[in-house]
Amino acid sequence: MTALNENYLKLPGSYLFSTIAKRVAAYKEENPGRPVISLGIGDVSRPLVPAVVEALHKASDEMGRAETFRGYGPEQGYAFLREAILKHDYLDRGIQLSADEIFVSDGAKSDVANFQELFDASSKVALQDPVYPVYLDTNVMAGRTGAFENGRFGGIVYLPCTEENNFTPQLPDQHADLVYLCSPNNPTGSAMTRAELKKWVDWAAANNSIILYDSAYEAFITQREVPHSIYEIPGAEKVAVEFRSFSKTAGFTGTRCAYTVVPKALQVMDKAGKPHSLNALWLRRQTTKFNGVPYVVQRAAEAVFSPEGQTQIREVIAGYQQNAQVILKALQSAGLTAFGGVNAPYIWLKTPKGVDSWAFFDKLLTGAQVVGTPGVGFGSCGEGYFRLTAFNTPELTQEAARRISAMTF
Ligand code: MLT
7 MTALNENYLK LPGSYLFSTI AKRVAAYKEE NPGRPVISLG IGDVSRPLVP
57 AVVEALHKAS DEMGRAETFR GYGPEQGYAF LREAILKHDY LDRGIQLSAD
107 EIFVSDGAKS DVANFQELFD ASSKVALQDP VYPVYLDTNV MAGRTGAFEN
157 GRFGGIVYLP CTEENNFTPQ LPDQHADLVY LCSPNNPTGS AMTRAELKKW
207 VDWAAANNSI ILYDSAYEAF ITQREVPHSI YEIPGAEKVA VEFRSFSKTA
257 GFTGTRCAYT VVPKALQVMD KAGKPHSLNA LWLRRQTTKF NGVPYVVQRA
307 AEAVFSPEGQ TQIREVIAGY QQNAQVILKA LQSAGLTAFG GVNAPYIWLK
357 TPKGVDSWAF FDKLLTGAQV VGTPGVGFGS CGEGYFRLTA FNTPELTQEA
407 ARRISAMTF
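Just so you know, our numbering puts the end of the sequence shown at 415, numbered straight through with nothing missing.
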C-alpha cells in the first residue's frame with residue numbers, strides 16, 4: 007500500500023483564505039441583494055501601472071519575433087532584473103550585496119514555503135503568533151512539528167505578539183534553529199524598529215540560528231526608525247535570508263514576481279561541523295525544481311524600477327495608505343481599538359466585549375456585509391482580534407468604513 011505523508015493530516019482541513027472564501031460565497035448566494043465588500047484577503051485592487059503595462063506589451067512583441075524570442079531563462083532570474091533590484095533596493099540604500107545573491111521567483115509565498123527544505127527535519131522552528139500561516143503549515147508538512155492541540159502545534163517555539171509587547175516578537179528563552187520574522191507584519195500591521203531587529207540579528211549570531219525575514223510589505227513603511235531591509239542591520243548578511251515581493255508593491259498578485267536574497271556569507275553546518283553556503287544550496291534547489299519567471303513578467307518587474315514606474319507605484323501605494331487611515335478612523339468612531347495601518351496595509355482590531363474572532367467575522371458580514379479575517383486563523387494569540395486590509399478601492403473602502411461606523415458593537 008502506498009503510504010501517505012501523514013504530516014498533512016495534522017493540518018487544519020483547508021487553508022485559512024479558502025475557508026473564508028467558502029463562507030462568503032455561501033452568504034452571497036443566500037443574500038443576493040446585499041453587496042459584500044472584501045477587506046479580507048490581502049489582494050490588490052488597483053491595476054498594473056502604465057510603465058509596467060508598456061513593458062509587458064514590448065516584451066510580448068519580442069516573444070513573437072524570431073530574433074528576440076526567448077525560451078528557458080536563467081533559473082535565478084535575468085541579469086537585467088537582478089541588477090535593477092540590487093541597485094534600487096540595496097546599493098542605493100547603502101547595503102552591499104551582489105546580483106548573484108538575488109534569486110527572482112514567482113512569489114514570496116512559494117519561496118518562504120520552500121526555503122525550509124534546506125534544513126534538517128529536526129530543526130527547531132520559532133515563529134510569531136499570530137503568524138502568516140504559510141511559515142507554519144509548510145513546517146508541519148515537512149514533519150517538524152507534533153500534533154495540533156489546543157490551538158498549537160507541538161515542537162514549535164511560539165513567539166506571542168500581543169498588545170502588551172506592542173505585537174513585537176521577543177527573544178525566546180530556548181534555542182531555535184530557524185526563526186521566521188515578518189516586518190511590516192502580516193497580520194498585525196506592526197513593524198519592528200532598527201533597535202528591535204538588531205536584537206534578533208545579534209541573537210541569531212550568538213545562537214547559530216538563521217532568520218527567515220519576510221519583508222513583502224516594506225513599501226508601506228512610513229516611519230524612519232523602521233528598516234526596509236534586514237541587511238540594514240550590521241552582521242545580518244551572516245544570519246538572514248530576506249524575502250521580497252512585487253505583489254503588494256506593484257500590484258503583481260496575479261502577475262507573479264518576487265525575489266529572495268541569500269547572501270554568500272550565510273553558512274550552515276553539516277552534522278560533521280563543516281560549513282556549507284546556503285546560497286549555493288538554494289541555487290542547486292532552484293535549478294532543479296524551478297524554471298524561472300516568464301521573460302515578459304521579469305521585464306514588467308524591471309519597469310517598476312524606472313523613474314516613471316516608481317512615481318506611478320508610489321501613487322498607488324499612497325492610495326492604499328490613505329485607505330488604511332479611512333479604516334482606522336471608522337473603527338475609532340465605532341468605539342473599537344485598532345492597531346497597525348501606519349507601516350503596513352493591515353489593520354488589526356480588537357474585537358469588542360471579548361467576542362471571539364469568528365463571531366465577529368459573522369457580525370461584520372451579516373451586519374455590514376464587510377469581509378475581514380478572523381485573528382484566530384493566524385494563531386491562538388490572534389483570538390479576540392480581527393484583520394482588515396487597505397487594498398480595496400477608495401470608493402469601496404469608504405463605503406465599508408461608512409457601514410462599520412453605523413454599526414453598534
Ligand atoms: C494575506 O491576505 O495574508 C495575503 O494575501 C497573503 C499572501 O500574500 O499570500
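Cβ atoms here follow ideal geometry from the backbone N, Cα and C, with glycine treated the same way.
Quantities reported herein were computed from a predicted structural model and do not represent experimental measurements.
Using a Cβ-Cβ distance under 7 Å, would residue i count as near chain C?
{"i": "R99", "result": "Annotation note: the requested chain C is absent from the structure, which comprises a single protein chain."}
Would you tell me roughly how many angstroms separate the C-alpha atoms of residue i and residue j, rounded to the nearest one?
{"i": "D482", "j": "A278", "result": "No answer is possible for residue 482: the residues shown for the chain start at 7 and end at 415."}
{"i": "I236", "j": "R408", "result": "38 Å"}
{"i": "S129", "j": "Y141", "result": "14 Å"}
{"i": "L22", "j": "R71", "result": "43 Å"}
{"i": "V118", "j": "T144", "result": "9 Å"}
{"i": "S51", "j": "F366", "result": "24 Å"}
{"i": "Y265", "j": "G298", "result": "11 Å"}
{"i": "R76", "j": "M147", "result": "36 Å"}
{"i": "R40", "j": "Q273", "result": "55 Å"}
{"i": "L184", "j": "G381", "result": "24 Å"}
{"i": "D260", "j": "S116", "result": "The sequence shown places Gly at residue 260, not Asp. Between G260 and S116, the C-alpha separation is close to 14 Å."}
{"i": "P18", "j": "G100", "result": "43 Å"}
{"i": "S215", "j": "A132", "result": "10 Å"}
{"i": "Q404", "j": "S411", "result": "10 Å"}
{"i": "E123", "j": "T294", "result": "13 Å"}
{"i": "P269", "j": "L103", "result": "7 Å"}
{"i": "M275", "j": "T414", "result": "57 Å"}
{"i": "L45", "j": "Q338", "result": "17 Å"}
{"i": "W206", "j": "E231", "result": "16 Å"}
{"i": "L287", "j": "V247", "result": "13 Å"}
{"i": "T74", "j": "K93", "result": "26 Å"}
{"i": "G383", "j": "F159", "result": "14 Å"}
{"i": "K280", "j": "I162", "result": "26 Å"}
{"i": "E202", "j": "E170", "result": "15 Å"}
{"i": "D98", "j": "N11", "result": "46 Å"}
What does DSSP give as the partner residue(s) for residue i in the beta ladder?
{"i": "K356", "result": "Y391"}
{"i": "T266", "result": "F109 and F249"}
{"i": "F380", "result": "The sequence shown places Pro at residue 380, rather than the Phe named in the question. Bridge partners of P380: F392."}
{"i": "Q134", "result": "L165"}
{"i": "D208", "result": "For D208, which the question treats as bridged, DSSP gives no partner whatsoever."}
{"i": "S44", "result": "V377"}
{"i": "D220", "result": "C188 and F249"}
{"i": "F154", "result": "F159"}
Let's see if you can read the secondary structure: which residues bound the alpha helix (DSSP H) around residue i?
{"i": "Q328", "result": "P313 to S339"}
{"i": "R305", "result": "Y301 to V310"}
{"i": "Q172", "result": "Checking the displayed sequence, the identity of residue 172 turns out to be Asn instead of Gln. Here N172 belongs to no alpha helix (DSSP H), and DSSP marks it neither H nor E."}
{"i": "M7", "result": "From DSSP, M7 is part of no alpha helix (DSSP H); its letter is neither H nor E."}
{"i": "T399", "result": "Run containing T399: none; DSSP gives neither H nor E here."}
{"i": "E238", "result": "E238 -> no alpha helix (DSSP H), and no H or E assigned at all."}
{"i": "E35", "result": "L22 to E36"}
{"i": "D143", "result": "P139 to M147"}
If you follow the beta strand (DSSP E) that residue i is in, where does it begin and where does it stop?
{"i": "P281", "result": "P281 to S283"}
{"i": "M275", "result": "Q273 to M275"}
{"i": "I91", "result": "Per DSSP, I91 belongs to no beta strand (DSSP E); it is in the alpha helix (DSSP H), A85 to I91."}
{"i": "A344", "result": "A344 to G346"}
So, are the CB atoms of residue i and residue j less than 7 Å apart?
{"i": "G347", "j": "L334", "result": "yes"}
{"i": "L87", "j": "E224", "result": "no"}
{"i": "V376", "j": "A406", "result": "yes"}
{"i": "A211", "j": "V245", "result": "yes"}
{"i": "P166", "j": "R200", "result": "no"}
{"i": "N349", "j": "Q176", "result": "no"}
{"i": "F173", "j": "T194", "result": "yes"}
{"i": "A65", "j": "V267", "result": "no"}
{"i": "I227", "j": "L187", "result": "no"}
{"i": "C263", "j": "F249", "result": "no"}
{"i": "D135", "j": "Y96", "result": "no"}
{"i": "R305", "j": "A61", "result": "yes"}
{"i": "V55", "j": "Q318", "result": "yes"}
{"i": "E314", "j": "A57", "result": "yes"}
{"i": "R342", "j": "I43", "result": "According to the sequence displayed, residue 342 carries Leu and not Arg. Their beta carbons are not under 7 Å apart, which means L342 does not touch I43 by this criterion."}
{"i": "G157", "j": "S386", "result": "yes"}
{"i": "E238", "j": "A271", "result": "no"}
{"i": "G83", "j": "V59", "result": "no"}
{"i": "G149", "j": "N13", "result": "yes"}
{"i": "S189", "j": "A182", "result": "no"}
{"i": "F258", "j": "E81", "result": "no"}
{"i": "F311", "j": "A85", "result": "no"}
{"i": "A3", "j": "K16", "result": "An answer regarding residue 3 cannot be provided, because it is not within the stretch 7 to 415 covered by the chain."}
{"i": "A396", "j": "N329", "result": "yes"}
What do you reckon, is the C-beta of residue i under 6 Å from a heavy atom of the ligand ZN?
{"i": "G257", "result": "Here the bound small molecules are the ligand MLT; the ligand ZN is not part of this structure."}
>> Does the stretch 347 to 365 come into contact with the stretch 381 to 401, if we say contact requires no fewer than three beta-carbon pairs (one atom in each stretch) closer than 8 Å?
In response: The answer is yes - the stretch 381 to 401 touches the stretch 347 to 365, with three or more Cβ pairs under 8 Å.
>> Does the contact criterion of 3 or more C-beta pairs under 8 Å hold for the stretch 369 to 386 versus the stretch 20 to 38?
In response: Here the stretch 369 to 386 lies against the stretch 20 to 38, with 3 or more beta-carbon pairs under 8 Å apart.
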